[in-house]
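Numbering (mature numbering (1 follows the signal peptide of the UniProt record, and there is no 0)), first residue to last: -20 to -1, 1 to 300.
Heads up, the thing below is written out as structure tokens.
Laid out in structure tokens, this is it:
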């Protein structure tokens, strides 16, 4: 309680200083300008600024603008709500601790289990984290945020949500941290890339929607992580995908995705893996041309042409 009173008094005092500075009368400009005759006061020119205006009075002058105090006032205004939230949470956490509440009970009490797409933006999540930390200090079994989210939402929905949230400026930092924690948990439990592929249901949808599926991006990066020591990991990813999708239909979907900014990153890497595999197998552009069943009469309107052209460029670059 003493801490709260101390901070409250500090806030009031700072506001009083700011308000006083904004209403203090000033001397006439000639008096301020006389500071130029005193070298030791010359630096005041950088700190004080006088602005005159034409009003109803005779030569009324505005107050001195003191740089820094305005920013202090703005900072205080912005952070008072945060301080109130912190103090309110502190009292609530103590109350829950006395009632012997568990983190799971509080998670549901705050209704954080109701909407996975909004949970990271929910201000009540901060309240829960504060309670979790207080709980962990008194209990041997350490509770984690990623573990609690997984328990309520499941691995697949959570993995997708975290990947999408990484692209949101408001949640990217927390999402990155949670995704890293999730992957550490998977590797710690010995989950292979194949197991995660099945768990995230990467190959369950249509090939047209594959490249826009956040689960694919999660699995792609996780696969590269656990297979970091394997030089052919790029081809291994494609091999797994072609077990679920037709090879040429996949090539076509990847090529289309390279033209979309939202899927360009993943698609260009998948295409490199696929083309490298074809090159290792000894396929030349003509072989790919035949596999794509291209019709020269429909050349301008056939989307498969882009795959053929892209591979031709790739093939020539490696054969030079």
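Ideal Cβ placement from N, Cα and C applies to all residues, glycine included.
Predicted model, so just to flag it, every value in this text is computed and none were measured.
- If only uninterrupted alpha helix (DSSP H) runs of at least 4 residues are considered, those enclosed by the region 154 to 180 are 173 to 179.
- Listed in chain order, the non-local C-beta contacts of residue 86 below 7 Å within the same chain comprise 76, 108 and 111, local neighbours out to five positions each way being set aside.
- Comparing C-alpha distances from residue 266 to each of 296, 199 and 193 shows the shortest one belongs to 296.
- Taking a 10 Å sphere around the C-beta of residue 215, we find 16 or more other C-beta atoms and assign the residue as buried.
- In the structure shown, residue 273 adopts coil according to DSSP, grouped into three states.
- Between residue 192 and residue 235 a beta carbon distance of about 14 Å is seen, past the 8 Å cut, so the two are scored as non-contacting.
- In the structure shown, residue 201 adopts helical secondary structure according to DSSP, grouped into three states.
- Rounded to whole angstroms, the gap between the alpha carbons of residue 102 and residue 127 is 18 Å.
- In this structure, the straight-line span from the alpha carbon of residue 218 to that of residue 252 is close to 10 Å.
- Residue 79 sits exposed, since fewer than 16 C-beta atoms from the chains shown fall within 10 Å of its C-beta.
- Taking C-beta atoms as the reference points, residue 143 and residue 211 fail to come closer than 7 Å.
- Residue nearest to residue 121 within the set 130, 129, 83 and 133 is 83 (criterion: CA-CA distance).
- When the beta-carbon positions are compared, residue 224 and residue 185 stay at least 7 Å from each other.
- Rounded to whole angstroms, the Cβ separation of residue 198 and residue 155 is 12 Å, and the two are not in contact under 8 Å.
- Scanning the region 201 to 232 from its first residue to its last, the whole alpha helix (DSSP H) runs of 4-plus residues come out as 213 to 222.
- Taking every protein chain shown into account, the CB of residue 243 has 16 or more other CB atoms within 10 angstroms, so this residue is buried.
- The C-beta distance from residue 187 to residue 125 rounds to 35 Å, too long to fall under 8 Å, and the pair is not in contact.
- In terms of CA proximity to residue 232, 250 leads the group 70, 73 and 250.
- Relative to the Cα of residue 96, the nearest Cα in the group 137, 237 and 73 belongs to 137.
- Taken atom to atom, the span from the alpha-carbon of residue 300 to that of residue 207 is near 30 Å.
- Here residue 257 is buried. Its C-beta has 16 or more other C-beta atoms within 10 Å.
- Beyond the five residues adjoining it in sequence on each side, residue 247 comes within less than 7 Å, by CB distance, of 191, 234, 237 and 238 in the same chain, given in chain order.
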